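Shown next, in C-alpha cells, is the structure this report addresses.
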Amino acid sequence: METQKVAIRPALSQAGNTRTASRALMDNWWKQLGEADAAAQPVANTFVMGSLAEVLNTFDIPMSFPEIAALQTAVKGKAMDYLLAAEDLGYSPDICGYVKVDIGLHATGRDHPLGKYPKPGMVVASNMCNTYIKWAEVWERQYGCPVFVLDLPGWRGTGFEYDSSSETFRNDVKYVEGQIRDLISLSAEVSGKKFDIDKLREILGNVNRMSELYQSILAMNKNKPAPFNALTEGINYMGIANILRGLPEGVEFMETVLAELEERVAHGVGALTDERYRLLLVGTACYTNFRDFVGMFERWDGVFVASEYMSYAGGGIDRGLHYDLSRPIESLAEQILITSQPSMSGIFFSHEWQAKMAEEYDVDGICYHGVKSCRTTAAGLPDAREWLLNNAGVPGLFIQSDLVDSRLWAEAQMRNRIDAFFESLQSRRVQSGV
Amino acid sequence: MEEELNEIIEECRTAVEDPEYPAVHQWLEENSNGKVLGHFQVYFPEEIAHAAGMLPLKMKGFDSSVQIREADAHIAAFVCSILRTSLEQALSGRIDFLSMYVTHPICDAARHLNGVWTRQFPELSCQILYLPQNAASPHAPAYLLAEYRRIAGIIEEITGTSITDESLLASIELFNENRRLLRELYQIRRETPEQIGLTDSYLLMAAAGAMPRERHNELLGRALPLIRARDNHPQDKLRIVFEGGYCEQPPIEMLSVLQDVAYVVDDDFMIGLRWLTEDVPTSGDPMRNLAVAYLETSDYSPVQRDPRKPKEDMLLKRIHQSKAEAAIVAAPKMCEPGLEEQVAYDNALTAAGIPHLIMEFEEKTTNFEQARMEIETFAESLLFEFV
Ligand code: SF4
Ligand code: SF4
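The structure is reproduced here in C-alpha cells:
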C-alpha cells in the first residue's frame with residue numbers, strides 16, 4: 001500500500017485548464033472586492049446557500065462570500081489568528097468557526113491572505129443555515145448595513161408533498177416572491193441603479209446553462225475511474241459556481257471543466273492512478289489540514305466520487321434548476337423553493353439521497369465527516385450513517401474534526417479510524433469474492 | 435395556606451421533573467381516545483392542537499435523572515444537551531404515547547431532530563412548522579396563516595376532529611387565561627420578589643407545558659392569591675434578570691443557587707409559554723389572530739429574527755421594567771444562537787453600565803459549586819458596590 005506508484009498518463013490537451021482558469025477567476029474576484037472596498041462601492045455579503053446572486057448581479061453589486069473567504073484562510077494556514085482574535089472579543093470556542101474567522105478578520109484590519117476583505121454595504125442571508133442570520137446580525141451591529149433575510153420554507157416532515165399544484169407550494173411561492181421583490185427594491189436603493197428585468201432574464205439564462213453543465217460535470221464521476229476528486233477539485237468547481245453565478249465567465253468556466261473531464265474520461269484517466277475505493281463524502285472536509293485529510297483516503301486509493309457538499313452549496317444547480325425566462329421573478333421564486341428544499345432540507349433528510357447516490361455512483365462506502373463548527377451539516381450524521389448501513393447496506397465511517405479550527409484536528413486518531421474503515425472495506429471485498 | 439401552596443407546587447414539580455410524564459398519563463386515562471402532540475422548543479401555537487382535543491406537550495430536556503444510553507449514537511457530540519435528552523426520552527419509549535411531533539428549525543442543531551425522529555419512528559407523524567424568519571416582512575402574516583392552516587389540517591386528520599372557529603376561539607380563551615395568570619406570576623416577582631422564590635415560581639410556570647391547561651389554570655388561579663397573601667419580609671438582595679433560558683433549561687438546583695443569592699425579578703425561562711405578550715383577540719378569524727399575535731405582540735429570543743425587536747434592546751427593556759440592578763446572561767453549552775447572542779448582550783449591557791455575569795450552563799450539570807461560586811462572587815461584589 002505504501003509503495004510508490006508511477007503514473008503513466010497520456011498527454012492531454014485540456015490538462016490544467018480548469019486549474020489555471022479557477023486561479024485566475026479567484027484572483028480576479030479578490031481584486032474586484034479590493035477595488036470596490038477602496039472605492040467605497042457597496043459590497044453585498046451573501047452565502048453559498050440561497051445567495052440570490054441572480055438579483056445582486058442584476059444590479060452589479062459585488063458579492064463577498066465570507067464562507068469561502070473563511071475556508072481560504074484555513075487552507076492558507078491562517079485561520080487560527082482570526083479565530084483567536086474573535087475569541088478575545090468574547091466569542092465562544094463552541095460556535096461556527098467561519099463566523100469567528102470573519103469576525104477576526106474584521107477586528108484585525110480586514111487583511112485577508114488573498115486580498116482586502118471588504119466591509120459589507122448590505123447583507124443577504126437566507127435561513128438555509130440559521131447561523132447565517134446570527135452572522136448577519138454581527139455585521140448589522142458593527143456596520144449598520146441593511147440586512148435582508150430570505151426566508152425559505154423547507155421540507156415539512158412526514159408525508160409532505162411538494163408538487164407545484166399543492167396549496168402549500170403556492171403559498172410558499174407567494175411568500176418568497178414577495179421577499180424577492182423586496183430585495184429588488186433594496187438592491188436598487190443600495191446600488192443606486194434601476195431594476196432591469198432583461199438583465200435579470202439574461203442572468204437567469206446563464207444560471208440555466210451553468211446548471212446543465214454542472215449536472216454533466218457531476219455525472220462524469222459515474223465513470224470508472226472517476227475523473228475528478230469531488231473533494232479537492234469539487235471544491236474549486238463549487239467556489240467558482242458561487243462567485244460567478246449567472247455571469248458569462250461562470251458559464252465559460254463550467255465549459256472548461258467539462259471539456260477537461262470529458263477528455264480525461266475519453267482517455268481513461270482518473271483522479272487517482274489506481275482507483276480502488278469509490279467514496280461519498282457527507283459533511284465537509286477539514287480545511288486546516290486539507291491535504292492530510294485527502295491523503296488519508298488516497299493512500300488507500302480511495303477517491304471521493306461525489307460529495308454532499310457539491311449539492312447543498314450549489315444553490316440548486318445540481319438539481320436541474322431551470323428558470324422560465326418568460327416570467328423571471330416568479331420563476332426565480334419557484335425554482336429557489338423547488339431546489340432549495342432538497343438541498344437545504346436534504347441535509348437533514350438526506351438518507352434517501354445518499355442511498356441513491358451510492359447506487360448510481362457505485363460507492364463502496366460513505367465518509368461522514370462531522371465538523372464541530374457546522375451543526376447544520378453535522379448534527380445528525382451518526383443517525384444517517386446507521387440508517388444507510390441498516391437500510392441500504394452501505395458502510396459508513398464517522399469521523400470528527402473541524403473546518404477551520406486546527407485545535408480539533410487529531411491526526412493519529414483520524415488516521416486510525418480511516419485505516420480501520422478501509423480494512424473493513426477490504427475484508428468485505430474478500431468476503432464477497434470481489 | 436402554605437400547605438395548599440406547597441401541594442400545588444409539588445403537583446407542578448412532578449409534572450415538570452418526572453421523566454415518566456405522570457400528568458400526561460393521567461390525562462390519557464381520563465381521555466381514553468385522547469391524543470398527544472409533542473412540540474419541541476421554543477414556540478408552538480398550542481391552541482390549534484387543543485381545539486382538536488389534543489393534549490399539547492412542550493418537549494423539554496431533563497437533568498441528570500435521565501441517563502443517556504442511546505441518543506449519543508444518533509447525534510453528534512458537539513450539540514447541546516436538550517437535543518440528546520429529549521431524543522433519549524423518545525428512544526427509551528417513554529413518549530410512545532405521542533401521536534404527532536412538531537419541531538421548528540430554531541437552530542442548526544435542532545433542525546436535525548426531525549430527520550432523526552423520522553428515521554427512528556417512521557410511523558409517527560413528525561412535522562416541521564416553519565415559523566417566519568423574516569418576521570417583519572409584510573408577506574409573513576399570510577404565509578404564517580397558511581402554515582398554521584396546514585398544521586391544523588394534519589391535526590384534524592390525526593384526531594378525526596375538525597377545528598372550528600368556535601373550538602379554536604374557546605381554546606384561545608383558555609390559553610389567554612393561562613398567559614394572564616403567568617403574567618401575574620411574573621408581576622409578583624417583579625413587584626414583590628420576596629413573596630415567591632425562583633424555583634417555586636419556575637415550577638409553577640413550567641408546568642403549563644407539562645399538564646392540561648385547564649388544570650394548570652386552576653392551580654395557578656389558586657396559587658396566586660396565596661402567594662400574594664404571604665407576608666414575607668424583603669431582604670437585602672440584589673435584583674437581577676436571568677437571560678438564556680429560552681430553550682434548554684438549567685437544572686432546578688442551579689435556580690436554587692440563584693435564588694439564594696439574588697432576587698431574580700424576571701427571566702426568559704420557557705419563553706414560548708409566554709411568547710404572546712397580550713391576549714389574542716377573540717373576535718374575527720381566530721387562526722389569523724394567532725398568526726398575527728405571533729408576529730406582532732410577542733417576546734424575543736435568539737432564535738427569531740425580527741429587526742423590529744433588536745434583542746439587546748429587548749433585554750434592556752426587560753431589565754428596566756423589572757427594576758433590576760444586574761443581569762446574568764447565560765447560554766446553554768454548545769448552543770450556537772445563545773452563545774452568539776451573549777456577545778451582543780455583553781456589549782449592550784456594558785455600554786449601558788449594567789453589571790452582568792456571562793456564564794454557560796447545562797441541564798445535566800451535577801456539580802453546582804462552580805456556578806455557586808461565580809454567582810456568589812458576582813452578587814457580593816455588586817452588593818458591596820451598591821452599599
Ligand atoms: S454553521 Fe455551517 S453552513 Fe452555517 S455558516 Fe457555519 S459553516 Fe456555514
Ligand atoms: S439549546 Fe440552543 S442549540 Fe440547543 S436546541 Fe435549543 S437553541 Fe438549539
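Protein sequence lines correspond, in order, to chains A and B. Under this note's numbering, think of the first position of the first sequence as 1, with each following residue one higher. Under this note's numbering, think of the first position of the second sequence as 435, with each following residue one higher. Don't be surprised by glycine CBs; every beta carbon is placed ideally from N, CA and C. On a predicted model such as this, the values are computed, not experimentally measured, just so you know.
Using only CA atoms, which one of R447/B, L603/B, E436/B lies nearest to R722/B? L603/B
Between E386/A, G346/A, A333/A, G365/A, which has its C-alpha nearest G157/A's C-alpha? G346/A
Quick one: list the residues of chain A neighbouring M768/B, beta-carbon separation under 7 Å, in chain order. D94
Cβ-based neighbour list, L654/B, same chain, cut-off 6 Å, excluding 5 preceding and 5 following: L615
Environment of P10/A [buried if 16+ CB atoms lie within 10 Å]: exposed
Looking at N206/A: is its Cβ nearer than 8 Å to the Cβ of V257/A? no
Where E167/A and R584/B are concerned, what is the direct C-alpha to C-alpha distance, given to the nearest angstrom? 9 Å
Roughly how many whole angstroms lie between the Cα atoms of S635/B and N440/B? 12 Å
Counting only the same chain and skipping the five closest in sequence on each side, list residues whose C-beta sits under 8 Å from that of P646/B. A457, W461, L489
Round the Cβ separation of M310/A and G234/A to the nearest angstrom and send it over; I've been treating them as touching at under 8 Å. 5 Å
Residues that Q426/A bridges to, as DSSP identifies them: None; Q426/A has no bridge partner.
Shell residues, 6 Å Cβ cut-off relative to heavy atoms of ligand 2: Q475/B, C514/B, I516/B, L517/B, I540/B, C541/B, A543/B, A544/B, C681/B, E682/B, V737/B, P766/B, C769/B, E770/B, P771/B, G772/B
I'd like to know if T784/B contacts chain A, where contact means its C-beta is closer than 8 Å to some C-beta of that chain. no
Please classify S22/A as buried or exposed, where buried requires at least 16 other C-beta atoms within 10 Å of its C-beta. buried
Suppose you measure from the CA of A574/B to the CA of N568/B; what does that come to, to the nearest Å? 7 Å
I want to verify the contact list: residues of chain B whose CB lies under 7 Å from the CB of H351/A, in sequence order. R553
Whole-angstrom distance between P668/B and W387/A, CA atom to CA atom: 58 Å
Between which two residues does the alpha helix (DSSP H) harbouring L83/A extend? 79 to 88
Scan the stretch 106 to 131 of chain A for residues whose Cβ lies nearer than 8 Å to a Cβ of chain B and list them as they occur along the chain. N127, C129, N130, T131
Hey, I762/B and M793/B are a contact pair by Cβ (cut 8 Å); roughly how many whole angstroms apart? 7 Å
Return the CA-CA distance between M122/A and K751/B, expressed in angstroms with no decimal places. 28 Å
In terms of residues, what are the limits of the alpha helix (DSSP H) holding Q179/A? 167 to 191
Can you check the stretch 538 to 617 of chain B for any beta strand (DSSP E) of at least 3 residues that lies completely inside it and give the ranges in chain order? 559 to 562
Got a sec: which bits of the stretch 364 to 392 of chain A sit with their beta carbon under 8 Å from any beta carbon on chain B, in order along the chain? G370, K372, C374, R375, T376, A378, A379, G380, L381, P382, D383, A384, E386, W387
Residue from N416/A, R428/A, G320/A with nearest C-alpha to P395/A: R428/A
Indicate whether at least one CB of chain B lies closer than 8 Å to the CB of N171/A. yes
If we count the other Cβ atoms within 10 Å of its Cβ and call it buried at 16 or more, is A424/A buried or exposed? At residue 424/A the sequence reads Ser, which differs from the Ala that was named. That one is exposed.
Which of helix, strand or coil DSSP assigns to E504/B: coil
For a cutoff of 8 Å on Cβ pairs, would you count K134/A as touching chain B? yes
In terms of residue numbering, what span does the alpha helix (DSSP H) encompassing F253/A cover? 248 to 266
Buried or exposed for G495/B, please, with buried defined as at least 16 other CB atoms from any protein chain shown within 10 angstroms of its CB. buried
Anything in chain B within Cβ reach of R276/A, meaning under 8 Å, just list it in chain order. In chain order: nothing, as chain B lies at least about 29 Å away.
Just reading off the alpha helix (DSSP H) that F474/B is part of, what are its end residues? Looking at the DSSP string, F474/B is not in any alpha helix (DSSP H); the run it does join, the beta strand (DSSP E), is 470 to 474.
So which residues on chain A does Q567/B lean against when the C-beta distance must stay under 7 Å? N127, I133, V149, D151
So for K199/A, helix, strand or coil by DSSP? helix
From the DSSP output, read off the bridge partner residues of A487/B. Residue identity differs from the one stated: residue 487/B is Gly in this sequence, not Ala. Per DSSP, none; premise fails for G487/B.
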